[in-house]
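S.K.:
Chains as they are written, first to last, in this note's numbering: chain A, 1 to 158; chain W, 1 to 522; chain D, 1 to 115.
1) Tell me whether the segment 310-330 of chain W and the segment 357-377 of chain W touch, counting them as touching only if at least three CB pairs, one residue from each stretch, are closer than 8 Å.
2) Flag this pair as touching only if the segment 50-59 of chain A and the segment 25-35 of chain A have three or more C-beta atom pairs under 8 Å; answer yes or no.
3) Classify residue 494 (chain W): buried if its beta carbon has 16 or more other beta carbons within 10 angstroms, exposed otherwise.
4) Express the C-alpha separation of residue 65 (chain D) and residue 266 (chain W) in angstroms, rounding to a whole number.
5) Report the residues of the segment 133-148 of chain W with a CB closer than 7 Å to any CB of chain D, ordered along the chain.
6) Going by DSSP, which residues form a beta bridge with residue 205 (chain W)?
7) Span of the beta strand (DSSP E) holding residue 88 (chain W)?
8) Am I right that residue 68 (chain W) and residue 76 (chain W) are in contact with their C-beta atoms under 8 Å? What's the rounded C-beta distance?
9) What in chain A is Cβ-close to residue 41 (chain W), meaning under 7 Å?
10) Is the beta carbon of residue 159 (chain W) closer than 7 Å to that of residue 179 (chain W)?
11) Please state whether the Cβ-Cβ distance between residue 45 (chain W) and residue 101 (chain W) is less than 7 Å.
12) Look at the alpha carbon of residue 75 (chain A) and the alpha carbon of residue 151 (chain W), and state the distance between them as a whole number of angstroms.
13) Does residue 95 (chain D) pass the burial test, meaning 16 or more other C-beta atoms within 10 Å, or should it be called exposed?
14) So, under 8 Å CB-CB, residue 110 (chain A) and residue 27 (chain A) are touching, yes? Tell me the CB distance rounded to an integer number of Å.
15) Count the other C-beta atoms from every protein chain shown that fall within 10 angstroms of the C-beta of residue 112 (chain W), then say buried if there are 16 or more, exposed otherwise.
16) Can you list, in chain order, the residues of its chain whose CB lies under 8 Å from that of residue 522 (chain W), leaving out five sequence neighbours each side?
17) Can you find a CB in chain A that lies within less than 7 Å of the CB of residue 9 (chain W)?
18) Please list the terminal residues of the continuous beta strand (DSSP E) segment that includes residue 65 (chain W).
19) Select from W:268, W:87, W:366, W:287 the residue whose C-alpha is nearest the C-alpha of residue 405 (chain W).
20) Can you tell me whether residue 3 (chain D) is helix, strand or coil according to DSSP?
21) So, does the CB of residue 128 (chain A) fall closer than 7 Å to a CB anywhere in chain W?
22) Would you report the Cα separation of residue 194 (chain W) and residue 119 (chain W), rounded to the nearest angstrom?
23) Where does residue 145 (chain A) fall in DSSP's three states?
24) Report the residues of the segment 15-27 of chain W with a CB closer than 7 Å to any CB of chain E, ordered along the chain.
25) Contact criterion: CB-CB distance below 7 Å. Does residue 93 (chain A) meet it with respect to chain W?
26) Throw me the rounded Cβ distance for the residue 170 (chain W) and residue 112 (chain D) pair, which I believe falls under 8 Å.
27) In whole angstroms, what is the alpha-carbon distance linking residue 57 (chain W) and residue 503 (chain W)?
28) Using the three-state DSSP reduction, which class does residue 256 (chain W) fall into: helix, strand or coil?
29) When DSSP builds the beta bridges, which residues end up paired with residue 106 (chain D)?
30) Rounded to the nearest angstrom, how far is the Cβ of residue 142 (chain W) from that of residue 153 (chain W), given a contact under 8 Å?
31) Using a Cβ cut-off of 8 Å, which residues of the segment 154-166 of chain W contact any Cβ in chain D, in chain order?
32) With DSSP as the reference, label residue 494 (chain W) as helix, strand or coil.
33) Just to confirm the assignment, what range does the alpha helix (DSSP H) spanning residue 12 (chain A) have?
34) DSSP has residue 122 (chain W) in a bridge; who is on the other side?
35) Cβ closer than 9 Å: which chain D residues qualify as neighbours of residue 145 (chain A)?
36) Mark residue 52 (chain W) as exposed unless 16 or more other C-beta atoms lie within 10 angstroms of its C-beta, in which case mark it buried.
Listed below in structure tokens is the structure:
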């Protein structure tokens with residue numbers, strides 16, 4: 001993929017950071033508002049796709065390393081399953097942090113409330129793990145598809 | 001120790017899952033450790049499955065509720081129906097679990113050397129573990145939506161494994177595409193049925209739905225969606241077009257595991273018809289539908305197999321044909337389910353034959369695919385016309401092939417004979433014609449394997465295979481283990497049928513036992 | 001009648017998807033057919049949990065006494081969307097691999113596996 005025009009690249013520079021921050025916001029507030037790990041991760045990955053479309057895959061590959069992303073994917077997944085294993089004293093996936101104070105341990109208020117981010121037990125942690133996994137996995141998919149598209153284009157031209 | 005036993009159902013699934021996610025990280029450190037880690041994780045799984053099997057067969061079905069205060073707390077604080085996702089493992093589930101555990105463990109051992117020359121093995125082993133997780137999940141889960149999720153995990157992993165060699169060759173990618181389309185359609189239809197159940201009863205739990213099911217018009221639609229798609233995933237004719245492609249293009253150890261994966265779909269078909277609907281459905285009609293699927297699969301599978309030149313494609317068509325036997329046996333059991341006298345007289349025996357055949361088929365078909373893989377490993381071809389005289393240089397492989405071929409053809413001291421005899425005897429009492437067709441198919445199977453044996457192993461030593469020698473030790477070990485199981489089952493069929501197969505059949509027939517475990521004495 | 005419109009849309013989606021799968025020869029179009037069926041099924045699930053005039057089932061900043069839609073079908077749909085993305089990505093990448101080898105996406109010309 002080639003670079004797009006200057007206008008597109010400038011707009012990308014402007015919104016790129018905001019998209020990523022919004023994605024992380026959605027991940028971290030997953031237990032309070034609509035969204036969560038997958039949705040937030042997909043938003044972050046869409047920022048990667050924007051970078052790829054406007055700057056072309058050659059420049060993007062300098063910013064986004066495929067190997068680094070796959071390591072991050074595996075560690076996100078491992079973090080998720082380890083959190084599930086930690087509940088094994090009682091049952092698998094047991095929410096051992098909820099309602100005991102401390103980390104994400106506040107008891108949530110029943111009924112309409114303004115929302116307390118320090119609730120949910122392991123759910124926010126799992127959201128973060130899933131978010132890491134999804135953003136890196138979708139990033140890898142986007143990068144691989146871009147290089148595949150380049151290959152086919154080269155084949156068509158030759 | 002007791003605590004570990006309570007957690008066994010989830011650990012069987014969770015340990016391979018953890019290993020699957022760790023493998024890419026392990027692979028960055030040491031390439032050799034990938035295969036060892038996989039084998040180790042699947043070995044733990046196998047050991048836990050055996051322990052759990054002993055417990056279930058002596059105590060009764062086990063439930064495991066995720067995230068609850070205790071693993072067996074299905075109905076907390078006076079709820080009438082369960083809301084959490086749970087595993088429910090009964091004798092039938094653990095029977096299938098044993099097959100999965102054995103097959104995937106041996107597949108991983110076989111892969112250690114067989115896949116040695118390929119790149120990207122971290123992905124291969126991760127996917128192999130995920131496929132195992134998906135199969136275990138399909139067999140253990142007690143939640144119908146969770147079943148859909150595990151079905152998708154298994155099918156996505158198996159598609160990626162089928163097209164594993166697709167970066168170098170075109171055919172594996174083609175087979176993978178076909179299988180992906182087939183399995184996503186079937187998974188989506190399962191999801192549609194889940195939606196229908198949820199819309200009617202507000203329930204997602206197998207046992208809870210089974211206790212309230214009314215066989216209304218919508219339930220009939222759901223059954224009409226579930227039966228064909230699960231039969232399609234199991235590879236029954238006329239929805240078999242993906243089977244020969246997928247089985248022949250996947251690497252040999254994966255083919256062996258795919259056989260077990262399609263049997264997991266078969267298990268789901270039986271679970272839906274027996275545990276979910278049981279006698280509320282019109283058993284005779286549905287039973288005959290399954291019997292006709294079985295007859296078509298048996299006959300068309302074997303006739304297509306006879307004309308094949310590609311050894312793995314030939315075996316794949318035989319796999320379709322053997323699936324027919326299972327459908328026939330269990331279909332007869334379903335057809336007489338509402339008739340207690342006939343059920344006692346021959347229905348249970350027919351089902352025992354069908355269910356026992358699932359285990360036997362996984363073992364001997366796995367062995368045959370592994371020998372085909374061994375031939376491919378040394379000769380680099382799957383074309384029977386190009387092979388010949390390999391008995392001179394590959395003695396162990398020849399012996400294992402003879403054992404597998406004799407078992408699939410139903411010759412006496414091997415396990416195929418035991419289950420086929422049960423099917424012939426009982427089906428003859430239901431309808432003699434069906435039994436005769438089954439016997440004819442068995443003879444054709446023998447004829448086809450005599451042809452394979454003749455063209456691949458017999459004859460003078462060919463000059464182009466002068467270098468061919470016996471395959472490495474890990475491949476021999478996997479094949480030898482399967483051969484031992486085949487001979488053991490063939491020599492002591494009564495032991496297996498009484499202790500393993502009969503409880504499995506009874507847990508299918510007695511619906512209240514399945515629902516009662518979750519809902520408590522209903 | 002108006003309440004049944006989503007179900008009619010579901011039937012149209014699934015029907016179009018099955019039509020695409022059966023009669024189209026292009027691999028990308030087959031992938032689109034699978035996506036159509038998937039969207040139909042997702043629409044079916046999400047419609048099951050719909051209630052007229054209800055809000056999303058989230059307690060943060062909700063006006064009190066408001067009735068909420070059923071969250072379970074939404075969770076199911078979300079899971080199925082996530083799986084659908086994986087399926088679509090896999091189908092498309094396999095289609096790319098096929099194109100790499102055969103330089104065509106026409107199923108008639110691709111078929112090497114016969115019999």
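Note that CB positions come from ideal geometry on N, CA and C, so glycine has one too.
No experiment lies behind these values; they were computed from the predicted model shown.
M.R.: Taking the structure as given:
1) yes
2) no
3) exposed
4) 48 Å
5) 145
6) W:143
7) 86-89
8) 7 Å
9) Under the 7 Å cutoff, chain A gives no residues; its nearest Cβ is about 12 Å from residue 41 (chain W).
10) yes
11) yes
12) 24 Å
13) buried
14) That belief does not hold up - the Cβ atoms of residue 110 (chain A) and residue 27 (chain A) are roughly 25 Å apart, past 8 Å.
15) buried
16) Note that residue 522 (chain W) scores a pLDDT of 42, beneath 50, so its modelled location is shaky and nothing firm can be said.
17) no
18) 62-65
19) W:366
20) helix
21) no
22) 40 Å
23) helix
24) Given the protein chain composition of this structure (A, W and D), no chain E is represented.
25) yes
26) 6 Å
27) 7 Å
28) helix
29) D:26
30) Rounded, the Cβ-Cβ distance is 17 Å, inconsistent with contact.
31) 156, 159, 160, 163, 166
32) helix
33) 6-28
34) Per DSSP, none; premise fails for residue 122 (chain W).
35) 89, 92, 93, 96
36) buried
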